[in-house]
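Chains as they are written, first to last, in our numbering: chain A, 84 to 384; chain E, 119 to 425. Data block below; observations after.
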């Protein structure tokens with residue numbers, strides 16, 4: 084009897100937790116669904132992600148296959164976005180390039196969120212000297228233009244696409260560390276955190292179970308908007324010749340390849356650029372919508 | 119006021135020291151440094167390599183190396199480039215005017231485009247003209263700057279032949295790079311100016327200005343805009359970071375002289391001292407620029423000084 088009672092109360096606690104968690108994200112979803120512009124962004128982004136995923140199925144040509152006879156063809160029905168100096172189909176390459184560029188952005192943002200999140204959590208939760216140390220370090224990172232920080236990381240690690248991912252990821256840390264820290268600062272003043280402390284719940288468990296959930300929503304907003312910035316930064320570094328190298332296909336590098344043929348083949352650099360622009364627009368519209376849904380007071384700041 | 123400036127100066131010094139440590143450590147974290155690579159390529163023996171490193175102080179503990187670097191850097195000596203063997207400071211100073219011209223011109227572009235666009239959108243709030251202005255600023259903020267630069271080159275150099283595609287000479291060569299670099303910032307500034315104006319429009323003093331019969335023009339320009347620009351000044355400070363970083367890319371697009379090109383070339387050539395010098399120099403310029411923004415903020419808004 085007692086055992087059953089205990090189990091029941093545990094189950095109902097779990098349920099309560101589940102609904103609460105759901106309701107938080109549910110509210111965001113409800114707000115987002117009403118926002119037509121944000122939904123447009125979401126659909127556009129989904130379309131771009133799907134076309135990158137199914138590139139091998141939908142691409143009309145092998146993106147790496149050269150065809151000497153088809154060099155520098157202007158856009159036509161056979162080649163929607165024309166061909167490059169090796170006769171490779173630009174449309175197929177743009178589809179495949181999306182896989183690299185989106186992946187670059189996602190991995191870079193994951194790195195920023197993870198490291199920035201841990202730093203912000205520790206800094207906000209423990210406060211005092213740890214907080215001062217971490218916060219000053221974050222200030223220092225912010226005192227350097229992001230692209231320079233990324234540049235010097237690429238120098239340390241060496242040129243290459245993986246290192247560009249890491250560099251963009253690390254240079255994005257400050258934003259997440261700050262937002263997590265401030266969310267943690269307000270969450271740890273809550274009565275339930277105090278209660279958990281009094282009952283003797285270990286620190287790491289309080290951080291994971293009781294504080295992290297408060298941080299998820301703001302981080303989601305910042306990470307969505309950050310994804311666009313990360314894609315732009317990574318494309319910029321690849322354009323400079325520090326990232327993707329053939330045979331890897333990436334939008335930023337495609338633009339830099341097209342640059343040499345600018346006066347004879349405008350399509351080579353135009354279409355990858357449009358692809359980047361559409362992706363970042365979609366992400367920004369969705370991100371703005373998420374922010375408004377989460378906290379209407381932040382609207383259009 | 120003087121006290122405020124002194125205080126800001128005092129805060130800037132540890133930041134610069136911290137930056138120098140950060141940059142120095144990152145350069146010296148390298149597994150095999152450039153000296154190794156270069157001398158081995160030239161066929162130096164292990165003994166010569168050790169001798170060379172000893173001369174350059176590379177066999178000392180890292181904090182001693184930093185101290186030597188810092189002592190020289192304070193006196194304006196940032197070491198020598200591994201490849202050209204030229205002093206890094208000389209190379210930076212040679213490129214400085216070109217980068218400063220570009221960043222300042224881009225700043226002017228971003229203000230001249232951004233503020234009027236924001237004011238216009240706010241005045242026409244809720245109409246289609248507001249939506250169009252904001253759509254323009256959204257697109258402006260999402261286009262990769264190097265891509266816009268290439269589109270400009272294609273249109274204005276290749277097709278129309280109006281402007282030079284590259285180079286550093288003369289005013290004409292500055293137009294496309296500065297517009298390219300300033301576009302993103304003008305989008306950000308336009309959005310902020312609009313939000314800020316809309317907030318100010320709700321203030322009582324704007325109502326008073328209108329009620330006492332001032333023309334709409336005077337109300338907007340004399341009473342609303344002046345106050346609305348305060349938050350814009352802060353963002354201008356932040357945009358300097360973007361502009362200095364963006365110069366790296368813009369200079370490459372337009373094959374323009376400058377510290378940014380110098381830095382990118384140094385990374386590609388694995389020239390440690392040059393990377394260190396250029397990055398640190400640009401970072402310090404950013405800190406100083408922000409200091410100036412903070413001070414101008416205090417001049418504009420007397421409330422800040424007493425905090």
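Every residue, glycine too, gets a C-beta built ideally from N, C-alpha and C. None of these values were measured; they are calculated from a predicted model.
Assigned exposure category for residue i - 16 Cβ within 10 Å defines buried
| i | result |
| --- | --- |
| residue 146 of chain A | buried |
| residue 172 of chain A | buried |
| residue 287 of chain A | exposed |
| residue 283 of chain A | exposed |
| residue 275 of chain A | exposed |
| residue 262 of chain A | buried |
| residue 402 of chain E | buried |
| residue 367 of chain A | buried |
| residue 304 of chain A | buried |
| residue 164 of chain A | buried |
For residue i, three-class secondary structure by DSSP
| i | result |
| --- | --- |
| residue 198 of chain E | strand |
| residue 172 of chain A | strand |
| residue 349 of chain E | helix |
| residue 205 of chain E | strand |
| residue 149 of chain A | coil |
| residue 286 of chain E | coil |
| residue 313 of chain E | helix |
| residue 166 of chain A | strand |
| residue 333 of chain A | coil |
| residue 372 of chain E | coil |
| residue 137 of chain A | coil |
| residue 218 of chain E | helix |
| residue 382 of chain A | With a pLDDT of 46 at residue 382 of chain A, under the threshold of 50, the predicted position of this residue should be treated as unreliable, though the coordinate-derived value follows. Looking at residue 382 of chain A - three-state DSSP - the assignment turns out to be coil, as it is neither helix nor strand. |
| residue 272 of chain A | coil |
| residue 118 of chain A | coil |
| residue 208 of chain A | helix |
| residue 101 of chain A | With a pLDDT of 49 at residue 101 of chain A, under the threshold of 50, the modelled position of that residue is not reliable, and no figure is offered here. |
| residue 298 of chain E | helix |
| residue 248 of chain E | helix |
| residue 389 of chain E | coil |
Proximal chain A residues relative to residue i, where beta-carbon distance stays under 7 Å
| i | result |
| --- | --- |
| residue 184 of chain E | Going along chain A, no residue has its Cβ under 7 Å from residue 184 of chain E, so there is no contact; the nearest lies around 15 Å. |
| residue 393 of chain E | 235, 238 |
| residue 385 of chain E | 234, 237, 238, 325 |
| residue 137 of chain E | 223, 226, 227 |
Residues of its chain near residue i, where Cβ-Cβ distance is below 7 Å and the 5 sequence neighbours each way are ignored
| i | result |
| --- | --- |
| residue 264 of chain A | 203, 206, 207 |
| residue 371 of chain A | 121 |
| residue 342 of chain E | 315, 318, 319, 324 |
| residue 237 of chain A | 246, 247, 250, 320, 325 |
| residue 149 of chain A | 169, 170, 171 |
| residue 268 of chain E | 371 |
| residue 369 of chain A | 121, 124, 125, 128, 307 |
Chain E contact residues for residue i, given Cβ-Cβ distances below 9 Å
| i | result |
| --- | --- |
| residue 322 of chain A | 262, 264, 265, 367, 370, 371 |
| residue 73 of chain A | Here chain A has residues from 84 to 384 only, and residue 73 of chain A is not among them. |
| residue 342 of chain A | 264, 268, 271, 371 |
Residues that residue i contacts on chain E, provided the C-beta gap is smaller than 8 Å
| i | result |
| --- | --- |
| residue 367 of chain A | 256, 259, 260 |
| residue 349 of chain A | 272 |
| residue 311 of chain A | 260 |
Chain-ordered chain A contacts of residue i [CB-CB under 9 Å]
| i | result |
| --- | --- |
| residue 127 of chain E | Chain A residues near residue 127 of chain E: none, gap ~15 Å exceeds 9 Å. |
| residue 354 of chain E | Under the 9 Å cutoff, chain A gives no residues; its nearest Cβ is about 15 Å from residue 354 of chain E. |
| residue 400 of chain E | 227, 228, 231 |
Under 8 Å by beta carbon: chain A residues contacting residue i
| i | result |
| --- | --- |
| residue 404 of chain E | 226, 227, 228 |
| residue 397 of chain E | 227, 231, 234, 235 |
| residue 133 of chain E | 222, 223, 226 |
| residue 202 of chain E | Residues of chain A passing the Cβ test: none, with the nearest at roughly 17 Å. |
Neighbourhood of residue i by C-beta, 8 Å cutoff - its chain only, sequence neighbours within 5 removed
| i | result |
| --- | --- |
| residue 84 of chain A | Note on residue 84 of chain A: pLDDT 41, under 50, position unreliable in the model; the coordinate value appears next. For residue 84 of chain A, where only same-chain residues beyond five positions count, there are no Cβ hits under 8 Å. |
| residue 382 of chain A | The pLDDT assigned to residue 382 of chain A is 46, lower than 50, so where the model puts this residue is not dependable; a value taken from the coordinates is nonetheless given after this. 374, 375. |
| residue 225 of chain E | 300, 303, 354, 357, 358, 361 |
| residue 380 of chain E | 209, 210, 213, 392, 396 |
| residue 410 of chain E | none |
Supposed contact pair residue j and residue i - C-beta distance, whole angstroms, cut 8 Å
| i | j | result |
| --- | --- | --- |
| residue 123 of chain E | residue 413 of chain E | 6 Å |
| residue 226 of chain A | residue 404 of chain E | 7 Å |
| residue 157 of chain A | residue 350 of chain A | 7 Å |
| residue 281 of chain E | residue 220 of chain E | At roughly 15 Å, the Cβ-Cβ gap does not stay under 8 Å, so residue 281 of chain E and residue 220 of chain E are not in contact. |
| residue 418 of chain E | residue 348 of chain E | 6 Å |
Neighbourhood of residue i by C-beta, 6 Å cutoff - its chain only, sequence neighbours within 5 removed
| i | result |
| --- | --- |
| residue 256 of chain A | 195, 198, 199 |
| residue 233 of chain E | 311 |
| residue 334 of chain A | 180, 184, 318, 355, 358, 359 |
| residue 216 of chain E | 286, 375, 376 |
Residues that residue i contacts on chain B, provided the C-beta gap is smaller than 7 Å
| i | result |
| --- | --- |
| residue 346 of chain A | No chain B appears in this structure, whose protein chains are A and E. |
Contacts that residue i makes with chain E (C-beta to C-beta distance below 7 Å)
| i | result |
| --- | --- |
| residue 152 of chain A | Chain E residues near residue 152 of chain A: none, gap ~26 Å exceeds 7 Å. |
| residue 315 of chain A | 262 |
| residue 363 of chain A | 260 |
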